Every structure is written in C-alpha cells, then in structure tokens.
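Residues 20 to 147 in the numbering used here are what the sequence shown lists, from first letter to last.
All residues carry an ideal CB built from backbone N, CA and C; glycine is no exception.
Small disclaimer: the values here were computed from a predicted structure and weren't measured.
Beneath this line is the structure, given in structure tokens, with notes to follow.
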Amino acid sequence: WNYDGVELERVELPFEDIKSQRDHDEFVRIAKDVIREEMKNGEVVVSVAGGRKTMGVGLYKAGLEVGVKDFYHVIAEEVVGTSNFMKNLIEYDVKSIYEGKVDAPESLKKFITWEMHRPDLTVHLIKI
20 WNYDGVELER VELPFEDIKS QRDHDEFVRI AKDVIREEMK NGEVVVSVAG GRKTMGVGLY
80 KAGLEVGVKD FYHVIAEEVV GTSNFMKNLI EYDVKSIYEG KVDAPESLKK FITWEMHRPD
140 LTVHLIKI
C-alpha cells in the first residue's frame with residue numbers, strides 16, 4: 020500500500036545485516052545503484068533516519084558519490100525508550116502483505132501511522 024502518496028519499493032540485500040566491511044561496501048554499491056536509477060525520474064532526497072548507524076552513513080556516502088544535494092535526518096526533542104515496533108509487527112503476516120497475497124489490515128496501517136507520526140513526540144526534520 021502507498022503511505023501518504025509515497026510508493027514503497029523493497030530492495031533485497033544479499034545479506035541479513037551489515038556485519039563486515041564487505042557488507043558495508045555492498046550496501047553502499049546497491050544504494051548508489053538505486054539512487055542513480057531514481058535520479059533518472061528527477062531530484063532525489065535521502066533520509067538517513069532509521070536503521071543502523073552504518074546504514075545512515077552508507078546512504079550519505081552513496082548519495083554524495085552520485086550527486087545527491089539534499090540529505091535529511093529526523094530528531095525528536097523528547098528522549099524515549101525503545102519502541103515495541105518489531106514485537107508488535109510480528110503479529111501480522113507481513114510477507115503475505117508484501118507479496119500482495121493479502122491486504123494490509125486497518126489495524127496495521129493505524130499502528131504504522133502512529134509509529135511514524137507519534138503524537139507523544141515533538142519531531143524535527145533536520146537538513147544535513
């Protein structure tokens with residue numbers, strides 16, 4: 020499903036997690052390929068929010084190397100504990116939803132929307 024008019028595209032990585040220099044280098048290579056392809060459709064803005072620190076750094080590096088001009092990060096004024104996002108997400112058959120076999124239930128859409136727009140946090144988009 021589309022999130023507020025943003026189409027999501029999954030890009031498979033050849034590893035489960037970035038655990039080595041080789042994984043990091045491959046992540047940057049794949050990110051550059053994806054960014055280059057998207058640049059054919061117009062301007063690309065890269066967000067380095069979320070994921071492991073090395074992913075944000077890798078995305079920043081990839082974007083710089085292919086000419087991205089705008090990079091952003093999201094910060095919250097409040098300091099909060101870790102989210103139960105993944106724990107709550109496993110209640111759903113995400114694979115079947117992703118593969119288009121079943122529609123995402125409204126409860127999942129509401130849950131993700133709440134996590135993405137937490138009313139208990141004051142967030143700021145920071146241009147870096």
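- [ ] Tell me whether PHE104 is buried or exposed, calling it buried when 16 or more other Cβ atoms sit within 10 Å of its Cβ.
- [x] To locate residue 104, count along the sequence shown from 1; it is residue 85. Exposed, by the Cβ-count rule.
Open item on the list: Using a Cβ-Cβ cutoff of less than 8 Å, which residues in the same chain neighbour VAL142 once the five nearest sequence positions on both sides are dropped?
Closed with: On the sequence shown, position 123 is the one that residue 142 refers to. Cβ neighbours of VAL142 beyond the five flanking positions: VAL93, ILE94, ALA95 and GLU96.
Task: Inter-stretch contact at 8 Å, needing at least 3 Cβ pairs: the region 50-57 / the region 78-86 - done: yes
Task: Cβ distance (whole Å) where TYR111 is taken to contact ILE147 below 8 Å - done: On the sequence shown, residue 111 is found 92 positions in, with the first residue counted as 1. On the sequence shown, residue 147 is found 128 positions in, with the first residue counted as 1. With 8 Å as the limit, TYR111 and ILE147 do not qualify as a contact, their Cβ atoms being about 33 Å apart.
- [ ] Mark PHE34 as exposed unless 16 or more other C-beta atoms lie within 10 angstroms of its C-beta, in which case mark it buried.
- [x] Numbered from 1 along the sequence shown, position 15 holds the residue referred to as residue 34. The residue is exposed, with fewer than 16 neighbouring Cβ atoms inside 10 Å.
Task: Distance, VAL99 Cα to LEU32 Cα - done: On the sequence shown, position 13 is the one that residue 32 refers to. On the sequence shown, position 80 is the one that residue 99 refers to. Going from the Cα of LEU32 to the Cα of VAL99 covers about 30 Å.
Open item on the list: Using CA atoms only, rank isn't needed, just tell me which of VAL47, ASP89 and VAL121 is closest to MET74.
Closed with: Looking up residue 74 in the sequence shown gives position 55. Answer by Cα proximity: VAL47.
Task: 6 Å CB neighbourhood of VAL63 in its chain, flanking five on each side removed - done: Position 44 of the sequence shown holds residue 63. Hits under 6 Å: ILE54, GLU57 and VAL87.
Open item on the list: Given this structure, state the Cα-to-Cα distance separating TYR117 from VAL76, to the nearest angstrom.
Closed with: Against the sequence shown, residue 117 aligns to sequence position 98. Against the sequence shown, residue 76 aligns to sequence position 57. About 27 Å.
Open item on the list: Quick check: ARG71 and ILE37, are their CB atoms within less than 9 Å of each other?
Closed with: As a working note, residue 71 is residue 52 in the sequence shown. As a working note, residue 37 is residue 18 in the sequence shown. Yes, they are a contact pair.
- [ ] Following the continuous alpha helix (DSSP H) through SER39, name the residue where it begins and the one where it ends.
- [x] The sequence position of residue 39 within the sequence shown is 20, counting from 1. Unbroken run through SER39: none, as it is neither H nor E.
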